[in-house]
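4 protein chains.
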Amino acid sequence: MTNTQVTHVQIDNYGPWTVTPEPRREVDLQTLQSRLYADLAQLFGNRDGYLFFSRFDNMVAVTNGLDRNDHARIQESVGNRYPVSMSLSVATADTPADALGTATERLQQAGSAQDEGRREVLKTDILPPEDRTPTDVQLAHFDVDDATGKYTDQLNEFDTFIQIEQGYATLMKYMRLAHDSLSFFVGGDNIIAVCSALDREDYRDAIDHVQESVGVELKVGVGRGRDAATAGMDAKHALEACRETGQPVTFADRS
Amino acid sequence: MTNTQVTHVQIDNYGPWTVTPEPRREVDLQTLQSRLYADLAQLFGNRDGYLFFSRFDNMVAVTNGLDRNDHARIQESVGNRYPVSMSLSVATADTPADALGTATERLQQAGSAQDEGRREVLKTDILPPEDRTPTDVQLAHFDVDDATGKYTDQLNEFDTFIQIEQGYATLMKYMRLAHDSLSFFVGGDNIIAVCSALDREDYRDAIDHVQESVGVELKVGVGRGRDAATAGMDAKHALEACRETGQPVTFADRS
Amino acid sequence: MTNTQVTHVQIDNYGPWTVTPEPRREVDLQTLQSRLYADLAQLFGNRDGYLFFSRFDNMVAVTNGLDRNDHARIQESVGNRYPVSMSLSVATADTPADALGTATERLQQAGSAQDEGRREVLKTDILPPEDRTPTDVQLAHFDVDDATGKYTDQLNEFDTFIQIEQGYATLMKYMRLAHDSLSFFVGGDNIIAVCSALDREDYRDAIDHVQESVGVELKVGVGRGRDAATAGMDAKHALEACRETGQPVTFADRS
Amino acid sequence: MTNTQVTHVQIDNYGPWTVTPEPRREVDLQTLQSRLYADLAQLFGNRDGYLFFSRFDNMVAVTNGLDRNDHARIQESVGNRYPVSMSLSVATADTPADALGTATERLQQAGSAQDEGRREVLKTDILPPEDRTPTDVQLAHFDVDDATGKYTDQLNEFDTFIQIEQGYATLMKYMRLAHDSLSFFVGGDNIIAVCSALDREDYRDAIDHVQESVGVELKVGVGRGRDAATAGMDAKHALEACRETGQPVTFADRS
């Protein structure tokens, strides 16, 4: 069993802000979004959490080990430095999908994402410290087998991107539906999935599904830990082992 | 006809760097990538270009109006501020896909993306100033119809994201294959496509294709200009007009 | 008595790097320096430390509560994201000046600031957790009395700056020589001093000295705490009290 | 004669904002200020201007070659990305001090720096393109002779800083009063002065004054150009020549 604490980050009333009083320059919006993501990645990451950019105006973090106070401080720091504010909702469950489901639901109850009056909501259902275990979080780090040799050095960059994107779109949907897991593209040919307690067969199954659906070959390293940083680093090392052994699925030793 | 100047940005030997001597913390890689993107977005954007993050280690820019010297300076600025360097290849063609095809090809000829010795390549086939016209660039700004009402305020954030992602994966592939156009997700429920000379029917066709394939309803504003900034801002205004009139496709007046 | 843990941050071999192979653009150096400072301010600040930019290539932090591991991680994060590396040396003493003296000395023993071979030194003489008390750190937040009314709205900006700068240069030297305290300009008309155990008379004395030497009138709020963040926030509130009461020196209640 | 276009940058109503509704965390203010400076340095620098942080809430830029439209765009970009706005005032004169005097005065006429209602003022008295010449801007790049050997590797970091700071405080005041020039500390042991048309003797005089007053030995490279970037890079090369020849004052060839 996993016990994943998930935080739903939502910029308050962002859509309307981007076009009020008239559309803002795209370059500034892109800069704002990516810097906010970078700052939040550091703010969560320095507390051993992982943040994923997903849609940028809505982001998802794995936050085992962060308490209400940590979340309040992150929210305050963004409020002090950005022209927009953000709401945070935290929930914990056996599967990442369930945790996020609860987190989003509580945020929706507080008002619409485009409700002018709903600002800096902070809902925190924190995993109690005494319930935390060294295997609460399972992270899987996927990449595309020999992406540079097969795609980057062969196709034009957009056609390479199409391959990576079709692989990601297929995996992220399948992992959600079949395994209650949340998969995020993190750049290059890399995808990190926040998983429920999956075994070797589950990962093989997902890799096969992507291969059969869109012809993209993935391999995956899996790590498990008390928090995202530990599980994620173990997953990276396991993925390196895949590269060395040619095995498509590798679990880190302590997973 | 369009005449799009496209720049392929590629971080040199990035994959190996991320795992040498051992895997670097994901939070730092994410911060590095998103800040590099933000900086480049500003560096291109301040010269009226548009940059898209695509895979982060490989990015695509529309750079009509930027010359070799501008590209050299951007390359130098990144070299002065980041632990990684990047190569740039610029080409121009009637369609964005052809332009990128040439740009990537020239980069590939200079060496592999993971060639240790290939650093700071600068290939620039610049559109001559005397050939530039006020309609060289066509940009289309798509968004999902009522995404907040249908998805963000209803589903859990990942299930919303699945909808947006399936819509994007379908559109980006179709626009490439059917229309030689390059479509990029830019956050929220927004997609910006760099297009060849498409007409109203072409856009309707693309929107219909996405609707039929994955059930996601898009609308689009289209702008045209001498450079990406002009075309992009016109596209945004046209998309606002869609919101007001309910029309799924709107061309900016001067498009 | 205070017990201040001080960290000396030094960019390795920075001077030579800025002119090799030839001088780098000043705009890029300024961007690099100020972003590195901002990142480090966050990295230390998220652990309740305070960082001061001082000379940018050498910075000083108050780090009560941060252990060797925290420092190692901060050093690693910078190494992952910047083209330069940095060395860190941590020491603790009754006075901030003594602590910094020891920290710098240990760094110097490891090699010159411009020694090519000296990289990422990490010397950590950490205040043991069991020795920490709620009054270890004393911070004083000075500002110039009515700077906006007297200077900013009256003089040209450089002449205002001269006033602030002469005030700062006088205070920082005096506080060091008379009180073993380290004072840093933090923008606007604000100076934060990391102090040994000073009393009301000491602060009056320093304020008088500046007034008599260069005619700049200061006021000061003083806070004390287990770490820099607590002491610093208390000092800010005390300075607000100065504004309300007209008293030039205010100690926070728990100081 | 020089013809320097100077821009006074002032964050609107910043002081009150930092303490409303109660004092904001210093770490966030420091991050905000230094990032705003870095962003503006890039925004001005990419148009061949130079920005100096001076007090951070008030900054000074040399902007020969930037027109009203450039300034408007920079102002807009900051407005889109920060929780604070800023006012800009541009003026040109024979001496930098006169130019800044006029710029500040026009800003003051528009309202106090702490006037809640005064936001995003944009006053632009731009140097007409037809009046620009290749010698409009004179920049001088000073550094402290052998600062590493004499100070950094010998004294504790704060005592080194005291030397640099006393040298700077003395130089910046003297250059203003004797030579209508504006000198800014730019990190390390470096000072950049925006000068009126000074000759070799003037620089010797300034260096002697600092040496006699506070015992700090400076050397200086001087460049001249159509804009700040050109003059500044020439000054850097000239300073390198000082290092090689041992001469305390070097003018770049084309100065």
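Chains as they are written, first to last, in numbering that gives the first Met the number 0: chain G, 0 to 254; chain P, 0 to 254; chain D, 0 to 254; chain Y, 0 to 254.
All C-beta atoms in this analysis are idealised placements derived from N, C-alpha and C, irrespective of residue type, glycine included.
Treat the numbers as computed from the prediction; the structure is a model and nothing was measured.
Per-residue DSSP class, three states only, for residue i
i                 : result
glycine 186(D)    : strand
arginine 223(G)   : strand
aspartate 201(Y)  : helix
glutamine 305(D)  : Nothing about residue 305(D) can be reported from this structure: the residues present for chain D run from 0 to 254 only.
isoleucine 161(G) : helix
isoleucine 125(P) : coil
leucine 176(D)    : helix
valine 18(D)      : coil
valine 209(Y)     : helix
leucine 99(P)     : helix
leucine 154(D)    : coil
leucine 181(P)    : strand
threonine 244(G)  : helix
glutamate 239(D)  : helix
glutamate 119(D)  : coil
arginine 131(P)   : coil
glycine 64(D)     : coil
Exposure of residue i, with buried meaning 16 or more beta-carbon neighbours within 10 Å
i                : result
proline 22(D)    : buried
methionine 0(G)  : exposed
leucine 176(G)   : exposed
alanine 192(D)   : buried
aspartate 198(P) : exposed
glutamine 9(Y)   : buried
asparagine 2(G)  : buried
alanine 90(Y)    : buried
glycine 166(P)   : buried
threonine 19(Y)  : exposed
glutamine 108(Y) : exposed
glycine 48(D)    : buried
aspartate 226(P) : buried
glutamine 137(P) : buried
glutamate 25(P)  : buried
asparagine 68(D) : exposed
Continuous beta strand (DSSP E) stretch holding residue i: start and end
i                : result
valine 143(P)    : 136–143
threonine 249(D) : 248–250
C-alpha distance - residue i paired with residue j, whole-angstrom precision
i                    : j                : result
leucine 28(Y)        : aspartate 188(D) : 14 Å
alanine 112(D)       : asparagine 12(D) : 6 Å
arginine 46(Y)       : histidine 7(Y)   : 16 Å
aspartate 179(D)     : alanine 96(D)    : 5 Å
alanine 196(D)       : tyrosine 202(D)  : 11 Å
leucine 42(D)        : isoleucine 73(D) : 6 Å
aspartate 124(D)     : valine 61(D)     : 13 Å
phenylalanine 184(Y) : proline 15(D)    : 18 Å
isoleucine 206(G)    : glycine 220(G)   : 12 Å
leucine 217(G)       : glutamine 246(G) : 11 Å
valine 258(G)        : threonine 17(G)  : The requested residue 258(G) is not part of the displayed model; chain G covers only 0 to 254.
leucine 50(G)        : alanine 228(G)   : 10 Å
glutamate 211(D)     : valine 5(D)      : 31 Å
aspartate 252(G)     : serine 33(P)     : 31 Å
Per DSSP, cross-strand counterpart(s) of residue i
i                   : result
isoleucine 10(Y)    : Met85(Y)
phenylalanine 51(P) : Val59(P)
isoleucine 218(Y)   : The sequence shown places lysine at residue 218(Y), not isoleucine. In DSSP, lysine 218(Y) forms a bridge with Asp142(Y).
alanine 92(Y)       : Thr3(Y)
alanine 192(P)      : Ala139(P) and Ser182(P)
Host alpha helix (DSSP H) of residue i (start-end)
i              : result
alanine 196(G) : Where alanine 196(G) is concerned, there is no enclosing alpha helix (DSSP H), given that its DSSP letter is neither H nor E.
tyrosine 36(P) : 25–44
glycine 259(D) : Since the first residue of chain D shown is 0 and the last is 254, residue 259(D) is not available in this structure.
Residue-chain proximity (residue i, chain C), Cβ-Cβ < 8 Å
i             : result
leucine 31(Y) : Of the chains in the structure shown, none is chain C; the protein chains are G, P, D and Y.
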